[in-house]
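Position 191 of the sequence shown, counted from 1, bears residue number 191 in this note's numbering, the numbering being contiguous throughout.
Positions of the beta carbon are idealized from the N, C-alpha and C atoms, including for glycine.
Input: a single structure, listed below in structure tokens.
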Amino acid sequence: LALMDAGVPIKNPVSGIAMGLIKGEGDSFEVLSDIQGIEDFYGDMDFKVAGTKNGITALQMDIKIKGIDLDIMKEALAKAKEGRMYILDKMLATIAEPRAVLSNAAPKITIFKIPKDKIGEIIGPGGKNIKGIKEEFNLDEIYINDYNGEGLVSITSSDMDAIKGAKLKIESMLKSPEDIEIGEEFTGTVVGITSYGAFINLIPGTDGLLHISKVARERVNNVEEYLKMGDKILVRVGNIDPRSRKISLERPDI
């Protein structure tokens, strides 16, 4: 229930039940359903059964007697199925499927690869770059490891937009000006403001122009009313002049 409520896309909900046993004289016995502490303490078996509507997914048994026979096992599994299905029906009546959107409080993670020889560049001297990215996007954690000859980056946060922004930042740090393509998105920094727009730094040494007509949905007369020096904004490459390589930007979020 908690996973589905949080929006975790599980394949099937799982219910479980604990079965007990009172063993009498000879072949007599009684299988108990959904046992409590006192029944576990005085009983002869604690048999936990979990599964989906399609079948059993996990079993765990503790017994205080030498063993159980096939008749006990059959009855325990049959009663466990009846109990599991009852619990499952109650669960599905509360929430029938995982929510379409992850809970804002749910931890989220993105993992992607970078060239091994770029690991040091992304981390920076004394971890300066990676610490800066973590602080800039208020991430929970960000790790870069050498895995099978490649750099493996893991970013965790409860805010998916922050994860996406940090990923774009790292990817932009790996690029050279020649690698930039139309349609690519960057988390850029405002480094210049003019009467006709704002210059946004995309990667070290490469800026693009966000024209005044692309700053906001409404008509903008003064760019400084919308953007300040040092602001971090999401931009997309709208055009690249084939001769001058000047970059024109737009904002995908407006």
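Next item on the list: Tell me Phe29's beta-bridge partners as DSSP assigns them.
Entry: Phe29 is bridged by DSSP to Lys23.
Margin query: Please list the terminal residues of the continuous beta strand (DSSP E) segment that includes Gly188.
Written below: Unbroken beta strand (DSSP E) run through Gly188: 185-194.
Note to self: Taking the alpha carbon of Met19 as the reference point, which residue from Lys131, Gly205, Ile72 has its own alpha carbon closest?
What the structure shows: Cα-wise, what sits closest to Met19 is Ile72.
Item checked: 4 or more residues per run - each alpha helix (DSSP H) lying fully within the stretch 153-186 -> If we require 4 residues or more, the alpha helix (DSSP H) runs fully inside the stretch 153-186 come out as 160-173.
Next item on the list: Check whether the Cβ atoms of Ser154 and Ala105 sit closer than 8 Å, and answer yes or no.
Entry: No, they are not a contact pair.
Checklist line | Three-way DSSP call (helix, strand, coil) for Ser213 in this model | finding: Shown here, Ser213 sits in a helix according to DSSP, grouped into three states.
Next item on the list: Could you have a look at Asn129 and say whether DSSP puts it in helix, strand or coil?
Entry: It is helical.
Next item on the list: With a cut-off of 8 Å on the beta carbons, I'd call Gly26 and Ile35 a contact; round off their distance for me.
Entry: Going by Cβ atoms, the distance from Gly26 to Ile35 rounds to 23 Å, so no, they are not a contact pair.
Note to self: Do Leu102 and Gly7 have their beta-carbon atoms positioned less than 8 Å apart in this structure?
What the structure shows: In this structure, Gly7 places its C-beta atom within 8 Å of the C-beta atom of Leu102.
Check: Which runs of the beta strand (DSSP E) fall wholly inside the stretch 207-251 and span at least 3 residues, in chain order?
Finding: With a minimum length of 3 residues, the continuous beta strand (DSSP E) runs that stay inside the stretch 207-251 are 232-240, 247-250.
Margin query: Does Lys214 pass the burial test, meaning 16 or more other C-beta atoms within 10 Å, or should it be called exposed?
Written below: Lys214 should be labelled buried.
Next item on the list: Mark Lys167 as exposed unless 16 or more other C-beta atoms lie within 10 angstroms of its C-beta, in which case mark it buried.
Entry: Lys167 comes out buried.
Checklist line | C-beta atoms of Arg251 and Val235 nearer than 8 Å | finding: Yes.
Next item on the list: Taking only the alpha-carbon atoms, compute the straight-line gap between Asp179 and Thr52 and give it to the nearest angstrom.
Entry: If you take the alpha carbons of Asp179 and Thr52, they lie about 49 Å apart.
Margin query: Which residue marks the beginning of the beta strand (DSSP E) containing Asp5, and which one marks its end?
Written below: Looking at the DSSP string, Asp5 is not in any beta strand (DSSP E); the run it does join, the alpha helix (DSSP H), is 2-6.
Checklist line | Endpoints, the alpha helix (DSSP H) within which Leu77 is located | finding: Note, Leu77: alpha helix (DSSP H), 70-94.
Item checked: Minimum C-alpha distance to Glu224 - residue among Ile133, Ile240, Tyr196, Val237 -> The shortest Cα separation from Glu224 among Ile133, Ile240, Tyr196, Val237 belongs to Tyr196.
Check: Whose C-beta lies closer than 6 Å to the C-beta of Glu39 among residues of the same chain, with five residues either side of it excluded?
Finding: Gly20, Leu32, listed in sequence order.
Checklist line | Whole-angstrom distance between Gln60 and Pro13, CA atom to CA atom | finding: Between the alpha carbons of Pro13 and Gln60 lies a distance of about 19 Å.
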